Each structure stands twice: as C-alpha cells, then as structure tokens.
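Have a look at the structure below before the remarks.
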Amino acid sequence: MSSEEYQLLRSSVREFAQKNIEGIAAKIEREGLSPEIIMAMAAQGFLGARVPSELGGTGLDERGYMIVLEELARVSPSAAVKVLITNSLYVPLAMATGKGKETLKDVVSAKVNATVAHTSLLEGYREQMGVTVANSRAQGVKDYVLNSDAKLVILAANGAPGTLLLVMGGVEPLNEQTRLGFRGLRFSSVKVDSVDIEVLGQNGVGMLEEAVNGMDLDVAAIALGITAGAVAKAIDYSKGRTTFEHPLKDYQPVAFSLSSLKAEEEMLRTFMYSEGLSGTAKMMARVKSTRLARDATKQALQVHGGYGYFGDFGVEKFYRDAMALPLLFSRGAKDMERLSQAIFESKAGFL
Amino acid sequence: MAKLDFELPEDLKEFRRKAREFALKEITPEFARKYDREETFPEELRKKAYASGLVDYSNPWSVLILQEEFCRVDAGTGICAVSGFFGLETIQLFGTEEQKAKYVPMVTGGKAMMGLAVTEPSAGSDVAGIKTTAAKSGDYYTLNGAKMFITNGQLADFLVTLTRTSPQTQKRHHGLSLLIVETGSEGITRNKLHEKLGVRATNTAEIVLNDVKVPAKNLIGEEGKGFYYVMTFFDISRIYTAIQAVGIAQGALDRVLDHVFAQGMENLKEETAMIIGEMEMRIEAARLLTYSAASRLFQFNPDPKLTSSAKAFGSETAVWVTEKAMEVTGLQGLSGDLERFFRDAKIMDIWEGTSEVEKLTIARTMFREMMKEFLGEKGGAKA
C-alpha cells in the first residue's frame, strides 16, 4: 500500500468509528457490542482484515491492520479487541488445516462468532478443570475466555503441550465474570461437550504462544489508539473547562503533561509505522505502547477531575482498558524476557 | 532523652483488631462485589457498624483506624459504613449551640446522615468559583443553584451547603457562607449519579436548589466566612481521605501476598519480590505521614502542609500500589477483588482536592511561612 492509501484507510476507519461507534461507546460498556455493530464492522472488512481475499477477507498488510486497530481503539477499545481476537488469534491458528480455513468465511462476515482461549498462557491463570479429549469427544471447562459467547472456540486441550483443538459446536458460556476492562465483550468460562472438533496441531501451547507473541504490533496499535483517544479527550476538555478563572490548558502542569504525552504518542506512532521493523523493534513497541497507554489514560482522567470518574465522559473506560490490555494480551515478565533475550543476545532476566 | 514513639497505644491496637474482625466478617468479597456491581448503598452495613459500637466520634483516632481497616477490606462499602458524618466538623467547630444540639447527636448516633455540598458543575477544586446564591430576606435565605458530585447527596437528611451571600468581588473567597439545608425542604431535587469508575457503593448525587427557603438560624458561623470554614474542614477531611487511601493500598498488598503465596514462593522472581518490597515501603511511609498529620490535627494544631502531603502521598500510593498489584496478579487481579481496588484507588487522587491542588497547598504554605519569617527578621512588621 502507498502512503496515500494508508492515509485514506485511516480517514475512512476514523469516519466509520466516529459515525457508528463513538456515540454508543458508553452503551457498549454497559450492554456489550451489539450484533448490529459487529455486522457493521464486518461489512467494513475489519473482521477479515488479515484474512487473504481468496478466503473472503480484506487482505490488509500489517500496517493497514494496525491502522484499523488503532482507530477503533481510539473510540472503543472493546471494538478493537473484537477485531484483534479474530485476526491476530483465530485466523492464524485456524489457517493450520483445511477445515479450519473453511470456517473463516463465516467468521469474517460475522455470521459466526469465533474466539480463542489463549489466556492459559498468561500471568495469573489458574485452571479448575480444562478440556480433555477421549474417543474423539472434547469435554470440560475452559476458564477466562474473552468473547466467550462464540460458537467456534480454539483451545489447547489438557496435557503438555496439549492438542490445539477447534471446537465447532457444543460450547456454552458460563456465568459472566466481573473484570476490569473490555466490557463490550463477554468474559467467562466456557463449558465444552463436543464431538464436532478439529485438531489444528499437536503442540497446542506452542502454537498459542506463537500467536500471542506474534501480536506485538497489534497490541501496541490498540494501546496507541487508547492513548490517542484519551489524550485527545483531555486536550479538548482542558480547552473548555475553566478553573480559578482560567482555562485548564493555561496552567503549566496541565499543558506540559498533555503536551509531553502527545509527543510520546507521536514518536511512538512514527516508530511503529516505519517500514521494515525488526522483531525486536516490535517487542519494544508493545512494551512502550502499553506503558504509555497507562500513563496517558491516568493523566487524561486526572485532567477531567470528578467528571473523569464517571462513565459519561468516556475517559474512565480508557483507564480500565489500558490496564486490562496487557493483562489479557501480553505476558508480563515473559514478554520482558523475550525482549531481554534479544537485547542481550542470550537468555537474560530470568531469575 | 526525647522520645518519638510511633507505636499506637494498646487500646487502639485492640480497636484495630476489632475493626478488622468486623470488616472481614461483614464485608465478604461477595458482599463487596454485589454493591459494586449494583451501585447501591449498603444501609444495613452502616446500621450494623453503628450498632457494633465501633463508630465513636468522641475518639478521632478510632475513626481514623476504623476507616483504614474498612477500606483495607473494601473501600466502597467501607466508606459508606462510616461516612454518614461527612461535613460534621463544620457544625462542631463553627455552629451555634442550638445547631450542635440539634444536628450533632443524630449524626454521631447514626440516626441521620449528612453531607457537605460544596462542589458545583463548574467549580471543583476551585471552591471560590461556586455560583449557588443565598439571598437573605427577613428570617430566611433563599437558595438557587446546583451542586455536583455530592457524597451521600441523595441519602442525607441535611446538607451543609456553601453559597454565595454577597456578590463576587476581586477577593473571590469573600462573600461565601455555609448553611444547613434540610433535604426535605421544598425546591430541592436530588439526582443520583451513575457509572462511577469505583467506590460505586457510595452515593453520589447532583443537587438542584430552586428557591429553597432556609431559616437564617441555619447559618453556620458568620456570614461571608464560609470559604475559610470549608478550608478548615478540608484540613480535617483530607486526613480521612489519606487514611482511606492507605487502607486501599494495604488491602491490595494483602491480596498480592496471598497471591504469591498461593503460587508458591519458590516461583517468586526478583522483579516481583522487589515490587512487593516497594509496596510495603510506600504504604508504611504514607501511613506514618498520615498518622503524623492526624496527631497534629487531633491536638488542635493542624499543619496544612503535613495534611496535604499525607493526602497527596497516600492517594498516589494507593494508585501506584493497586496498579502494580494488577501487574503482579495478572488474570487473578483482572477478574478478582483487586480490579475493584484499582478502580476505587483513583478517586483518592481527585476528591477532597486533587493531588495537584494538594501539592500547591504544600508549596504555598511553605512560602507563607518563609514570608512570615522574613518579615519577622526585618523587625517590627506584623505578618
């Protein structure tokens, strides 16, 4: 894609997000992403962003995909995460077999909801039961599944390294769990009892790990969108709000902190969208962008004062989601070990 | 040799044990989650807390420890249990004997709830920027305006309300007065505000005052001195906010320790161990700062710079500790009690004066002290 095409893509995603999502962002937090909005995102080609066109997708390259994630996250991080789960987790894993590929058409058109139970790799995961396969029948419970009202679920069965299964029916979401962020998506354990299964690979944990590690730039893009959305809101607010007889923006602590965050946002964007990023650079982007999102949303909320603490102003969701993003899609110390290994050119930071 | 003893006396240690026992028994994780989810006020918990005898306003240290221990278990419902007196010191310090006799016992006995209505839609930290007016005619003031983010607003039996009683001049903080407004009065509309990030059990309301008639005898202290009364009150209430923040931070650390213990100490890496060490370090520093500020206050010798330091440092500690707690506990924290602590902590940075305002207060208090000293050295000049 040319830089004009990227620019065009960015403005069209932004326009879509402003027109279709921004006005209902608070409602999405309360009631979840509605089927209508998911259909609308599918119609734009977002759900199939990374799927090759011959399989019914949009076939965007890495940077085009980042633009979609960033611009959606700017208004509703939940909407961006819906696209992320589909394109960064489900698609690459389902592509492993012919039968898996066949499911993609219905997934990208939002006819069928699909998800991946990837959280078993993450910090703090404690499984009660897990899923076992006996006589071609998968049974059990998988915990901490995001987008859990899916019909298609990819999961690693019990055992090491655990078979990677695509379960195509007999999946039931259990009671919705409280959680900090991404309230637009359902989050719960899922009960599995199915003979409609496809084995995607033998090294389940390894395949999941590869997919999660492969999301460096995608997660960084969502974090950047959260930063951009929160900082823009704070800048707007500080222009209009008066305190001690001056607009907030006139005070140094407000103006300097927001300007400095804006500088970091722009620098990160330039870095992330530059051509030919190495694997190490992508890891750096994840670490720095998820950190910046947390700092930026904290300051954006603070600038809003009491109003920032309420859902109406749309800034508290950024604060929650900026914290939830690395908890749900990054691996904490494991990511830092990966980065350290690349920097030190040998295993480092493991004690 | 002079002795600085940082130990609490035995009776307060014993009180702390009782407060913790009560909180753990009454505020179960399920209870806290329910009120957080539903955004409702736990009235029965408040009643139980009063019935237990733990809420004793005659002993300010016990009120402090009680808030610390309740917030350590759950800030939302914990604050509800003991915040029915919010604003009471304005009456105790500046009210008439008649006002004290009428309003203080019903609040300290837990029979009535009150609130302090200062903040407005367009004036938060900038207290002198309020626009609600109180026009005096005969034996009455007539109030018009709107108040925002009022804690206990919808439930309070009366609200100590800051109003403008004479037009704004160059000196913006002049001409403001505090009035006791009974919420049953005609012309008051109270709307509960929903969808707070945290402390969701607490009741927060917008109050609209439309030609509300308040007897002139409900004026607290002197007309025109309301701003100073409110600032004096904030020097008290900020200490309670500081200790709430310490409680939240300690509660988060408690849960982090449980988590790493359950994961097996042999799996504990240095990065996490160091974070835990820093949590403890910051919490203890915040606690001592708060106790130190409280000690000055309770001896009627408050130091605004110490009070604001305790409030800002405590709040920032709560925000920092709860964020690190999320990192350390991952999915457990994200979907367990800690995510509520993370959400609750952030309000500490905002209410009772933002951390920014606290830091400015600290600096300005020091400048004033320097100026006094400077003028004193010059000799003769009265500061």
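Just so you know, the protein sequences line up as chains A and B, in that order.
The numbering of the first sequence is the numbering used here, which starts it at 1 and goes up by one.
The numbering of the second sequence is the numbering used here, which starts it at 1001 and goes up by one.
Glycine included, every Cβ here is placed at the ideal spot set by N, Cα and C.
Predicted model only: the values in this text are computed from it and were never measured.
Counted within 10 angstroms of its Cβ, other Cβ atoms place residue i as buried (16 or more) or exposed
i: residue 1383 of chain B; result: Low confidence applies here, because residue 1383 of chain B scores a pLDDT of 41, under 50, leaving its location unreliable and the question unanswered by this model.
i: residue 346 of chain A; result: exposed
i: residue 343 of chain A; result: exposed
i: residue 138 of chain A; result: buried
i: residue 331 of chain A; result: buried
i: residue 313 of chain A; result: buried
i: residue 13 of chain A; result: buried
i: residue 1009 of chain B; result: exposed
i: residue 1024 of chain B; result: exposed
i: residue 171 of chain A; result: buried
i: residue 318 of chain A; result: buried
i: residue 1233 of chain B; result: buried
i: residue 1042 of chain B; result: buried
i: residue 1315 of chain B; result: buried
Neighbour list for residue i in chain A, Cβ cutoff strictly below 9 Å
i: residue 1332 of chain B; result: 123, 124, 125, 126
7 Å Cβ shell around residue i - same chain, five flanking residues per side excluded
i: residue 128 of chain A; result: 141, 143
i: residue 6 of chain A; result: 63, 64, 67
i: residue 1347 of chain B; result: 1198, 1199
i: residue 55 of chain A; result: 101, 104, 105
i: residue 1381 of chain B; result: Since pLDDT at residue 1381 of chain B reaches only 48, below the 50 mark, its modelled position is unreliable, and the value read off the structure follows with that caveat. Around residue 1381 of chain B: 1375.
i: residue 175 of chain A; result: 188
Alpha carbon of residue i to alpha carbon of residue j, nearest angstrom
i: residue 1012 of chain B; j: residue 181 of chain A; result: 39 Å
i: residue 110 of chain A; j: residue 83 of chain A; result: 11 Å
i: residue 75 of chain A; j: residue 1017 of chain B; result: 47 Å
i: residue 1263 of chain B; j: residue 1328 of chain B; result: 11 Å
i: residue 1212 of chain B; j: residue 1341 of chain B; result: 39 Å
i: residue 1086 of chain B; j: residue 1357 of chain B; result: 21 Å
i: residue 333 of chain A; j: residue 324 of chain A; result: 16 Å
i: residue 1365 of chain B; j: residue 1376 of chain B; result: 16 Å
i: residue 191 of chain A; j: residue 157 of chain A; result: 13 Å
i: residue 1214 of chain B; j: residue 1095 of chain B; result: 15 Å
i: residue 1386 of chain B; j: residue 1065 of chain B; result: Examination of residue 1386 of chain B is not possible in this model, given that chain B is present from 1001 through 1383 alone.
i: residue 285 of chain A; j: residue 48 of chain A; result: 24 Å
i: residue 350 of chain A; j: residue 1275 of chain B; result: 16 Å
i: residue 1110 of chain B; j: residue 1039 of chain B; result: 22 Å
i: residue 32 of chain A; j: residue 1209 of chain B; result: 36 Å
i: residue 297 of chain A; j: residue 236 of chain A; result: 14 Å
i: residue 241 of chain A; j: residue 248 of chain A; result: 6 Å
i: residue 1291 of chain B; j: residue 1127 of chain B; result: 27 Å
i: residue 1235 of chain B; j: residue 243 of chain A; result: 21 Å
i: residue 1190 of chain B; j: residue 1120 of chain B; result: 13 Å
i: residue 1078 of chain B; j: residue 1137 of chain B; result: 42 Å
i: residue 4 of chain A; j: residue 119 of chain A; result: 38 Å
i: residue 1058 of chain B; j: residue 1298 of chain B; result: 11 Å
i: residue 183 of chain A; j: residue 34 of chain A; result: 12 Å
i: residue 1118 of chain B; j: residue 1355 of chain B; result: 18 Å
Cβ distance (whole Å) where residue i is taken to contact residue j below 8 Å
i: residue 1069 of chain B; j: residue 1247 of chain B; result: 7 Å
i: residue 1204 of chain B; j: residue 1311 of chain B; result: Their Cβ separation, rounded to whole angstroms, is 19 Å, which puts residue 1204 of chain B and residue 1311 of chain B out of contact at 8 Å.
i: residue 1220 of chain B; j: residue 1178 of chain B; result: 4 Å
i: residue 1143 of chain B; j: residue 1132 of chain B; result: 6 Å
i: residue 1152 of chain B; j: residue 1106 of chain B; result: Actually they do not touch by this definition, with Cβ atoms about 14 Å apart.
i: residue 1081 of chain B; j: residue 1123 of chain B; result: So it is not a contact: roughly 29 Å between Cβ atoms.
Chain-ordered chain B contacts of residue i [CB-CB under 7 Å]
i: residue 253 of chain A; result: 1356
i: residue 256 of chain A; result: Under the 7 Å cutoff, chain B gives no residues; its nearest Cβ is about 12 Å from residue 256 of chain A.
i: residue 227 of chain A; result: The contacting residues do not exist; residue 227 of chain A stays about 16 Å from chain B at best.
i: residue 333 of chain A; result: 1269, 1271
Proximal residues of chain A, C-beta to C-beta of residue i below 7 Å
i: residue 1207 of chain B; result: Under the 7 Å cutoff, chain A gives no residues; its nearest Cβ is about 14 Å from residue 1207 of chain B.
i: residue 1326 of chain B; result: 323, 327
i: residue 1137 of chain B; result: In chain order: nothing, as chain A lies at least about 30 Å away.
i: residue 1193 of chain B; result: 310
Partner residues on chain A for residue i, Cβ-Cβ distance less than 8 Å
i: residue 1119 of chain B; result: 306
i: residue 1066 of chain B; result: Here the premise fails: no neighbours, minimum Cβ distance about 24 Å.
i: residue 1314 of chain B; result: Here the premise fails: no neighbours, minimum Cβ distance about 16 Å.
Sequence-distant residues of its chain with Cβ nearer than 6 Å to residue i (five each side left out)
i: residue 154 of chain A; result: 93, 116, 166
i: residue 1287 of chain B; result: 1246
Chain-ordered neighbours of residue i on chain B, where CB pairs are closer than 8 Å
i: residue 179 of chain A; result: 1334, 1335, 1339
i: residue 319 of chain A; result: 1197, 1346
i: residue 70 of chain A; result: Those do not exist, as residue 70 of chain A stays about 23 Å from chain B at its closest Cβ, beyond 8 Å.
i: residue 185 of chain A; result: Simply none; closest approach about 13 Å.
Under 9 Å from the C-beta of residue i: neighbouring residues of chain B
i: residue 302 of chain A; result: 1346, 1349, 1350, 1354, 1355, 1356
Own chain, CB closer than 8 Å to residue i, minus 5 neighbours either side, in chain order
i: residue 1056 of chain B; result: 1062, 1063
i: residue 1332 of chain B; result: 1259, 1338
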